[in-house]
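Chemist:
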Amino acid sequence: MKILKMHLTEAAVVILFFVLMFLLYPKDGEEVIEDMSYNQDWVFVAGGEVRKYDILPEVVSLPEGEEEIILRKELPENVNSADSIGYYTSHQLSEVYVDGKKVYERKVPRGVRSKTPGNCWNFVQLWKGYAGKSLEIHIRNCYPSSSMKMPTVYYGSQSAIVLSQIKSRFVSLVISFIMFTMGMVLVALWFAVGKKMYFHRGVPWLGLFSMYFAVWSAFESKVPVLMFGKPLLFSMATFMSLKLMLLPFICFIRTIYNKKGNKLLDIFAVACVIELAVCIFAQFMGWADFRQTLWITHVLGLGAVAAVLVMGIGMLLKERPTSGKRDGKFWMNVSCVCVISVCAVLDAVNYYFGFYGDVAFFSRIGCLIYIIILSKQFLDESIKLIQAGRHAEEILEEAGLDGLTCLKNRRSFESDLYEIPQVKYPQIGVVMFDLNNLKMMNDRYGHGVGDCYIINGSEIIRDVFGDMGEIYRIGGDEFCLISDSVTEEVYEKNRKRMSDWMASLKGAYVKDAMQIASGFAKYNRSKDLNLQDTIRRADERMYRCKRKQKAIKD
1 MKILKMHLTE
11 AAVVILFFVL
21 MFLLYPKDGE
31 EVIEDMSYNQ
41 DWVFVAGGEV
51 RKYDILPEVV
61 SLPEGEEEII
71 LRKELPENVN
81 SADSIGYYTS
91 HQLSEVYVDG
101 KKVYERKVPR
111 GVRSKTPGNC
121 WNFVQLWKGY
131 AGKSLEIHIR
141 NCYPSSSMKM
151 PTVYYGSQSA
161 IVLSQIKSRF
171 VSLVISFIMF
181 TMGMVLVALW
191 FAVGKKMYFH
201 RGVPWLGLFS
211 MYFAVWSAFE
221 SKVPVLMFGK
231 PLLFSMATFM
241 SLKLMLLPFI
251 CFIRTIYNKK
261 GNKLLDIFAV
271 ACVIELAVCI
281 FAQFMGWADF
291 RQTLWITHVL
301 GLGAVAAVLV
311 MGIGMLLKER
321 PTSGKRDGKF
331 WMNVSCVCVI
341 SVCAVLDAVN
351 YYFGFYGDVA
361 FFSRIGCLIY
371 IIILSKQFLD
381 ESIKLIQAGR
391 HAEEILEEAG
401 LDGLTCLKNR
411 RSFESDLYEI
421 PQVKYPQIGV
431 VMFDLNNLKM
441 MNDRYGHGVG
451 DCYIINGSEI
461 IRDVFGDMGE
471 IYRIGGDEFC
481 LISDSVTEEV
491 YEKNRKRMSD
501 WMASLKGAYV
511 KDAMQIASGF
521 AKYNRSKDLN
531 LQDTIRRADE
541 RMYRCKRKQK
551 AIKD
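Under our numbering, the first residue of the sequence shown carries the number 1, and numbering increases by one thereafter.
(1) Nearest CA to the CA of Tyr53: which residue from Leu62, Val59, Asp41?
(2) Apart from the five residues on each side of it in sequence, which residues of its chain come closer than 7 Å, Cβ to Cβ, to Phe465?
(3) Just mark Arg91 as buried or exposed, buried being the case when its beta carbon has 16 or more other beta carbons within 10 Å.
(4) Is it buried or exposed, Arg537, if we count other Cβ atoms within 10 angstroms and call 16 or more buried?
(5) Using the Cβ count rule (16 or more neighbours within 10 Å means buried), how would you classify Ser518?
(6) Report back the beta-carbon spacing between Ser114 and Leu242 to the nearest angstrom; my notes put them in contact at under 8 Å.
(7) Do Asn141 and Thr238 count as a contact pair if the criterion is CB distance below 9 Å?
(8) Could you give the DSSP three-state label for Trp121: helix, strand or coil?
(9) Could you pull out every residue in the same chain whose Cβ sits closer than 6 Å to the Cβ of Thr534, ignoring the five residues on either side in sequence?
(10) Using the Cα positions of Val203 and Thr181, report the straight-line distance between them to the nearest angstrom.
(11) Determine the closest residue to Asn530 out of Asp539, Arg411, Tyr425, Ser499, with distance taken between C-alpha atoms.
(12) Tell me which residues share the same chain as Phe18 and place their Cβ nearer than 6 Å to its Cβ, disregarding the 5 neighbours each side in the sequence.
(13) May I have the straight-line CA-CA distance separating Ile455 from Arg541, to the nearest angstrom?
(14) Indicate whether Val153 and Leu62 have their beta-carbon atoms separated by less than 9 Å.
(15) Let me make sure I understand the geometry here. Which of Met227, Gly207, Phe284 has the alpha-carbon closest to that of Ile372?
(16) Go to Ile139, then tell me how far its beta strand (DSSP E) extends in each direction, as first and last residue.
(17) If the criterion is Cβ atoms closer than 9 Å, does the pair Ile139 and Thr89 meet it?
(18) Going by the beta-carbon positions, is the gap between Ser458 and Phe479 smaller than 9 Å?
(19) Check whether the Cβ atoms of Leu246 and Phe268 lie closer than 9 Å to each other.
(20) Taking C-beta to C-beta, are His298 and Ala348 nearer than 9 Å?
(21) Contact defined as beta carbons within less than 8 Å: I believe Ser84 pairs with Gln125. What is the distance between those atoms, to the nearest angstrom?
(22) From Lys102 to Val60, what does the alpha carbon distance come to, in whole angstroms?
(23) Would the beta-carbon of Phe213 fall within 9 Å of that of Val225?
(24) Looking at Lys133: is its Cβ nearer than 9 Å to the Cβ of Asn80?
(25) Smallest Cα separation from Glu74: which of Leu135, Asn39, Val50, Tyr104?
(26) Given a cut-off of 9 Å on the beta-carbon distance, is the pair Glu105 and Val112 in contact?
(27) Just to confirm my understanding: we take Tyr491, look at its own chain, exclude 5 residues before and 5 after, and list those with CB closer than 7 Å. What are they?
(28) Buried or exposed: Ile552, going by 16 or more other Cβ atoms within 10 Å of its Cβ?
(29) Quick check on DSSP: helix, strand or coil for Ile420?
(30) Roughly how many angstroms separate the alpha carbons of Gln549 and Ala513, rounded to a whole number?
(31) Under the rule that 16 or more other beta-carbon atoms within 10 Å means buried, what is Arg544, buried or exposed?
(32) Closest to Tyr370 by CA distance: which of Ile253, Gln292, Asp451 is it?
(33) Going straight from the alpha carbon of Gly86 to that of Trp121, what length do you get?
(34) Leaving out the 5 sequence neighbours to the left and right, which residues in its chain are closer than 6 Å to Leu244 when beta-carbon positions are compared?
(35) With a CB to CB cut of under 6 Å and the five nearest residues on each side skipped, what residues in its chain are close to Ser483?
(36) Here's the rule I'm using: 16 or more other beta-carbon atoms within 10 Å means buried, otherwise exposed. How should Ser485 be labelled?
Written out as structure tokens, the structure is:
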């Protein structure tokens, strides 16, 4: 429980830090993006068709047979050497010309089996000599299409453009970071203490799904490639994270709905594994890019979501509780899955038709809310299981203790003895103890006095020999010490101390009656086949001590 609280505290601190960052983020410069926009007054050329746009649209249809467009515009008269033209392309090749001279090109990296350079931020450094000259941006789709997504063009220093883009996508990054942190905490908790603390079996799958989704969401924000470059690498990582999240989602659904062994979900799970392997192989061989096989992932994802919805509705119709009320958690899960399904469909439609720029907008919000709700549910259930598990452990522990003396009982003695490895036998010493005259005390003064004798005797044995090893009550009046540190010399010294302590007791029932006989034996390979033989020799020595004590008394 302490570890769980510690991790939850860390996660809460991180989340609070980013919330404060968002709330306290400087307000100055909020109009930077608008000022940097360079989308006005462009001439669009495709084949023999020429159009003039006051504001560049997000998507344009291409004339039949045309694959390339040209965006043309005159640069301003006051160009500074620190200025740049920046624009974002998605799976498109691009070239930039100033006054008919090529000054920039974005193409597929050499030696890479890919048809696309990925999702790219393109920056063209401007010089004072470019002032007033014609600027042309040539863009070509990497994959056949009847339309083309138009870039948003920015003008200004590259650092200012980068900072403005980070600012505009700050919320998306924070949400992605929170989701990744929550997922990482769930997975780490599961592997660290999950089984010991009886965590819900869906916790690791939820954590993995959250991490994959967070990676996809962060990369779709366009900021990582803006900061670190490597557009093709980040593009592949985006597709990979999207493909990876399907299997944890299906396994998670199987767990929370108790549908282990469901053939339909099993088919989807196997299909996800096969689809990922085939897509990686096709990308590696250069047959098909991840972008070209993404439709398969979308079909599998929407099919899995549909199957989950059908199962949820079926469970609602079939499982009618006797109380007439349905489980609130079940209703919550079904409702959240429905909401996420709608969000996923909206984002998938937007991906293909390009209605708005952020293709993870709805899914990001829906999944974050659902992950928070499910994390709370799982933690509540896990806490209940932890409490139940602790109660069970306490019962099991009590079953291994003697109720009167609180020492370990014979059951624990035999179990612990069996677990001692044979290589440690030479270190083991055994001391056997016996309370003299216990039967006489019970018969003459009653079992209450006999129990008091047992308690006092066990406490003295524990006080004298307890720091040397484990002490067990193995019979009514018999006790045993198993130790890897006791020697003959140490035993004799402590035996005398124990005898003096017993002799110092005063009371009506004590005089000449309460005595502890004991015997010590160290494992000897030439005499003992196992520790049972060592115990037998210690027992024989204890009985000799018992006879000697009785003879002195008589």
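Glycine residues also receive a C-beta, built at the ideal position from the N, C-alpha and C atoms.
Modeler: On the basis of the supplied data:
(1) Closest option to Tyr53, Cα to Cα, is Asp41.
(2) Excluding positions up to five away in sequence, the list reads Val431, Ile471, Leu481, Asn494.
(3) The identity of residue 91 in the sequence shown is His, whereas the question assumes Arg. His91 should be labelled buried.
(4) Its Cβ being crowded by 16 or more others within 10 Å, Arg537 is buried.
(5) Answer is buried; the Cβ neighbour count reaches 16.
(6) Not a contact, Cβ separation roughly 17 Å.
(7) Result no, Cβ atoms of Thr238 and Asn141 do not sit closer than 9 Å.
(8) Looking at Trp121 - three-state DSSP - the assignment turns out to be strand.
(9) Closer than 6 Å at Cβ, skipping near neighbours: Val430, Ala521, Tyr523, Asp528.
(10) Inter-residue distance for Val203 and Thr181 is about 14 Å (C-alpha atoms, whole angstroms).
(11) Closest in alpha carbon position to Asn530, among Asp539, Arg411, Tyr425, Ser499, is Tyr425.
(12) Reliability fails at Phe18, whose pLDDT of 44 lies under 50, so the model's placement of it is uncertain and the value that follows must be treated cautiously. Counting only Cβ-Cβ distances below 6 Å, and skipping sequence neighbours, we find Val174.
(13) Rounded to whole angstroms, Ile455 to Arg541 spans 24 Å at the Cα level.
(14) No, they are not a contact pair.
(15) That would be Gly207, whose Cα lies nearest to the Cα of Ile372.
(16) Under the DSSP assignment, Ile139 falls in the beta strand (DSSP E) whose first and last residues are 134–141.
(17) Yes. Within cutoff.
(18) A distance below 9 Å separates the beta carbons of Ser458 and Phe479.
(19) Less than 9 Å separates the beta-carbon of Leu246 from that of Phe268.
(20) Yes, the Cβ-Cβ distance between His298 and Ala348 is below 9 Å.
(21) With a Cβ gap of about 6 Å, Ser84 and Gln125 count as contacting.
(22) Cα to Cα, Lys102 sits roughly 24 Å from Val60.
(23) For Phe213 and Val225, no; Cβs fall outside 9 Å.
(24) Contact: no.
(25) Selected option, being the one with the closest Cα: Leu135.
(26) Result no, Cβ atoms of Glu105 and Val112 do not sit closer than 9 Å.
(27) If we look at Tyr491 and ignore the five residues flanking it on each side, its Cβ neighbours are Val431, Phe520.
(28) It counts as exposed.
(29) Note: Ile420 maps to coil in three-state DSSP.
(30) Going by the C-alpha atoms only, they are around 11 Å apart.
(31) Arg544 should be labelled exposed.
(32) Minimum Cα-Cα distance from Tyr370 among the listed residues Ile253, Gln292, Asp451 corresponds to Ile253.
(33) If I take the Cα positions, the gap works out to 7 Å.
(34) Counting only Cβ-Cβ distances below 6 Å, and skipping sequence neighbours, we find Tyr212.
(35) Gly429, Met468, Gly469, listed in sequence order.
(36) Looking at its Cβ environment, which holds fewer than 16 other Cβ atoms inside 10 Å, Ser485 is exposed.
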